[in-house]
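2 protein chains.
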Amino acid sequence: MGGDHGPEVVIPALARVAERRPDATFLVFGQAAIVQPIIEKHARLKGKVKFFDSEIAIRMDEKPSQALRQGRGKSSMWQAIEAVKNGEADVCVSAGNTGALMAMATFCLRTRPGISRPAIAALWPTVKGESIVLDVGATIGADARQLVDYAILGAAMARATLGADKPTVGLLNVGTEEIKGQEEVKKAGQMIKEAQLSSLTYHGFVEGNDIGKGTVDVVVTEGFSGNIALKTAEGTARQIAQYLREAMSRSLLSKMGYVLARGAFNRLRERMDVRKVNGGVFLGLNGIVVKSHGGADEEGFAAAVELAYDMARNRVMERIGHDIDAFQASDAAHAASIAQDDATSTGKQEEK
Amino acid sequence: MGGDHGPEVVIPALARVAERRPDATFLVFGQAAIVQPIIEKHARLKGKVKFFDSEIAIRMDEKPSQALRQGRGKSSMWQAIEAVKNGEADVCVSAGNTGALMAMATFCLRTRPGISRPAIAALWPTVKGESIVLDVGATIGADARQLVDYAILGAAMARATLGADKPTVGLLNVGTEEIKGQEEVKKAGQMIKEAQLSSLTYHGFVEGNDIGKGTVDVVVTEGFSGNIALKTAEGTARQIAQYLREAMSRSLLSKMGYVLARGAFNRLRERMDVRKVNGGVFLGLNGIVVKSHGGADEEGFAAAVELAYDMARNRVMERIGHDIDAFQASDAAHAASIAQDDATSTGKQEEK
C-alpha cells in the first residue's frame, strides 16, 4: 500500500520479478478492494501470489509511534513483517513510511542476539560498481562495538549481493592531519583489526570522497554522518544534472550535440538516477526488511524486490549469525588473553 | 611556498589579482632564492609586493605539532600569519599544509573573545549560486553554543562575500521521522530562534540534499559531518564526471555530439571543478586566514586571494565582533528574563 504510487507500481513490479526470478513467490498484504483487481490484471502472477486482506494501511506521513499504536497487528505493513517473523516469508519489502517501517520491524522482529541496534544499509553506485554504506540513518551516534557490528552486517550483505568473497571494509573518518578522527571510530578500527575476522578484509579509514571511488566494498559510519553523506551525494547528483541540462540548452550547437549524443545521455541519466539507489536494507534484526524508495517506479521497486530475493537466496541471516558468533568468540579469546597477560605479569612481579 | 606548485602558481596568481583589484598590495613570505626571481618576472607586481625572506618552509606532509615546533617564528607560514596579528596585513592566504596552518593560526592569532573554537568555512557551489558551509573540519563535535557561534561567523562571511543582507542560516540535520536529530543541533536551533539576531534569518533544519539546492546561504554543522559532506560531494562530482566521459566516448554519434557541444561541456566542467571550490576560510580567530586548495592553479589561487580581499574590504572581523556581542547581550537578557520569571513564580508560590 506504501510509496508514492502504492499497488499501481508494486504489483506490476512483482510481475517483472516473477519473469526474471521464476522461483520467487509473493505474499501480498493490502486492502483487497484496491489491490486484488490489479493482481488479476497480471497473468504472470497467476499462482505466484498469496493475497492477504489488511484492515489498515499506514499513511506516509504518520509518526512512527502512532503507526505502531494503530497499525500493530492489523496493518499491511505489520502483517508483512510478521510473515518474516513467523517464517512464512523469507524477507519483507515495503515502499512505505520509513520511520514506521523501522519502528515496526524493530518492535516485531527484535534485534539479533549479539547485536544491540539495527542499521540501514544503502547500495551506493561507484565508479567501480556498487558499495554498501551503513548506517544511513537508523540511529544517531554509535559506539565502537556498534560500528564493529555494522562492519560485520555490511560484509555479510556484500557477500550476498556484490559477490565479494571477502569484502573490503572501511571506517568513514576525516582525514585531515589536525583532527585525528572520532575516538569511537579509532577504537572500532582497533577492534576489527584484532578480531582478524575471516569474513572481511579490514581496509582502515576512508574519507567521504572514497565512497564514490569504490575504494572499499563496505563503508561503515554512524547514522547521522551516514545520512548526511547519502543526502549530500543525492543533492550533488541532482545539482550536476541541472548544470548539464542548462549547459546543453544554451546554444544551437550544444542542442544539436545533445540530440546526437542522446543515447549517451540516457545512459548517464540512468547511472545518476537516485531512484535506482534503491533498497535501503534494515540489518541487525531477526529477519531482513528491505525499504524501497517511496518514489520508486516499477523498475525501481522490482530492483528492491530482487535485492531482497538475493539476500534471502544467499542466506544473509545465516552468514550474519555465523560472523557475529565468530567475532564474539575472538573477542572473548582476546579478553582472555589480556587477562592471562595481566595474570602473568602480576605473577612475574610477585616473583620479584 | 605551499601547495602542490608553490611560488610558480602563487606569484602569477597575485599578478592576476593585481590587475583585477588595483588597490591590493601584497606581503610575500618565502625563500628568496626561489621566490624573488619569479616576482621579478611579473611587471604587474612592481611596487605592489613587499618580499620577506623566511628561513624555513613548512612541508606539505609535516605534522601540525612538528610544524609548530620547528616553524614558529621563522617559517614563511608563521610570518604571514604574524603579519595579520601585528596589523601589517589585513588577511593571510596560504596554499600550504592545512593542519599546520590551522595549528599556527590558532596558536598565533588565538580565538576571538566570546568564541571558544575556530571553524573552517567552505564556499559551496549550488544551483542558485554559492552557499557557505561550516565547520568542514576544524574540530570534531560541537556543543549547541559552538553551533550558534558558527551560525554567526558564517552569516558575517555571507554578508561580506555573497552580498546577502540578512543571510538565511540552516542547521544540518537528519530529516527522517524515526530519528529526531542530535540533541545539540536541536538546542542550537532553539538558542538561535530565541536570540532573534538582526544579522541573520534562521531557516531551521536542512538536510544533506539542501546544500546543493542552495536552500540557505549558510549551512551550519560540526566538523566531522561537515568534512564528510564536503568530501562526499567532491567524490560524487568526480564520479559523475567520469560517467560523463565514459558515456561520451561510447559511440561515434556520442563523440560527434561531444564535439558539437564542447562549449557546453567546458562550461559544465568549470562549474563542476572542485579546484574552484576554493578558499576554506578559518573563522573565529583574531584575524582571517584563507586556505587555498593545495592543488589550485593560478586562477584557483587568485580566487582564494580575491575571497580574502573581499572579506577584508567588507570588514568581516568587525561584523563578527558586532554580531557576537549582540548575541551575548541577547543571551544575557534571555538568561535574566528566565531568572526574573523564576523569581516571579517563586514569589507567587510564596504568596500562596
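Quick mapping for you: the protein sequence lines, in order, are chains V and A.
The opening position of the first sequence corresponds to residue 1 in this note's numbering, with each subsequent residue numbered one higher.
The opening position of the second sequence corresponds to residue 1001 in this note's numbering, with each subsequent residue numbered one higher.
We treat Cβ as the ideally placed atom computed from N, Cα and C, and that holds for glycine.
{"query": "Classification of L134(V) by the beta-carbon crowding that lies within 10 angstroms, buried from 16 upward", "result": "buried"}
{"query": "Contacting residues, own chain, Cβ-Cβ under 8 Å from K1255(A) (five flanking each side not counted)", "result": "M1248 and S1249"}
{"query": "Assumed close pair T1221(A), L1172(A) - CB separation to whole angstroms, cut-off 8 Å", "result": "4 Å"}
{"query": "Alpha-carbon spacing of P1037(A) relative to E1008(A), whole angstroms", "result": "10 Å"}
{"query": "Test item: CB-CB of V1174(A) and G223(V) under 9 Å", "result": "yes"}
{"query": "Whole runs of the alpha helix (DSSP H) within the region 1032–1077 of chain A, excluding any shorter than 4 residues", "result": "1032–1040 and 1064–1071"}
{"query": "G1096(A) vs G1212(A) beta-carbon contact at 9 Å", "result": "no"}
{"query": "Contact the region 251–266 of chain V vs the region 153–171 of chain V: 3+ CB pairs below 8 Å", "result": "no"}
{"query": "Complete alpha helix (DSSP H) runs within the region 129–192 of chain V (minimum length 4 residues, chain order)", "result": "144–161"}
{"query": "Under 7 Å by beta carbon: chain D residues contacting R44(V)", "result": "The structure shown contains no chain D; the protein chains it does contain are V and A."}
{"query": "Backbone CA spacing between L1068(A) and R1269(A) [nearest angstrom]", "result": "38 Å"}
{"query": "Near-chain V residues of the region 1198–1217 of chain A (beta-carbon distance less than 8 Å), N- to C-terminal order", "result": "E1207, G1208, N1209, D1210, I1211, G1212 and K1213"}
{"query": "H1005(A) - DSSP class collapsed to helix/strand/coil", "result": "coil"}
{"query": "Below-9 Å beta-carbon distance, L230(V) vs any chain A residue", "result": "yes"}
{"query": "Short Cβ contact (9 Å threshold) for C1092(A) with I1288(A)", "result": "yes"}
{"query": "Residue-chain proximity (V1259(A), chain V), Cβ-Cβ < 9 Å", "result": "yes"}
{"query": "Status (buried if at least 16 other CB within 10 Å, exposed otherwise) for S225(V)", "result": "buried"}
{"query": "Contact with chain A by M77(V), beta-carbon distance below 9 Å", "result": "no"}
{"query": "Alpha-carbon to alpha-carbon, D1143(A) and L200(V)", "result": "36 Å"}
{"query": "7 Å Cβ cut-off: residues of chain A touching A308(V)", "result": "Neighbours of A308(V) on chain A: none; closest Cβ ~20 Å, over 7 Å."}
{"query": "G1204(A) - containing beta strand (DSSP E), residue span", "result": "T1201 to V1206"}
{"query": "At least 3 beta-carbon pairs within less than 8 Å: the region 1059–1067 of chain A vs the region 316–335 of chain V", "result": "no"}
{"query": "Neighbour flag for G1002(A) against chain V, beta carbons, 9 Å", "result": "no"}
{"query": "Contact set for Q1328(A): own chain, Cβ-Cβ below 7 Å, skip 5 residues either direction", "result": "G1114"}
{"query": "Exposure label - S1292(A); buried when at least 16 CB within 10 Å", "result": "buried"}
{"query": "Pair within 9 Å by beta-carbon distance, A1024(A) and A1015(A)", "result": "no"}
{"query": "Any C-beta of chain A under 9 Å from that of Q182(V)", "result": "yes"}
{"query": "Contact with chain V by V1220(A), beta-carbon distance below 9 Å", "result": "no"}
{"query": "Buried versus exposed call for S116(V) [16 or more other C-beta atoms within 10 Å across all chains shown]", "result": "exposed"}
{"query": "Nearest-angstrom Cα separation, counted from A1057(A) out to I1228(A)", "result": "30 Å"}
{"query": "Backbone secondary structure at A1100(A) - three-state DSSP", "result": "helix"}
{"query": "Within 9 Å, strictly: CB atoms of A188(V) and L147(V)", "result": "yes"}
{"query": "Closer than 9 Å to chain V by CB, R1020(A)", "result": "no"}
{"query": "Beta-carbon proximity of K1050(A) to V1028(A), cut-off 9 Å", "result": "yes"}
{"query": "Under 7 Å by beta carbon: chain V residues contacting L1172(A)", "result": "I228"}
{"query": "9 Å Cβ cutoff met for S131(V) and V10(V)", "result": "no"}
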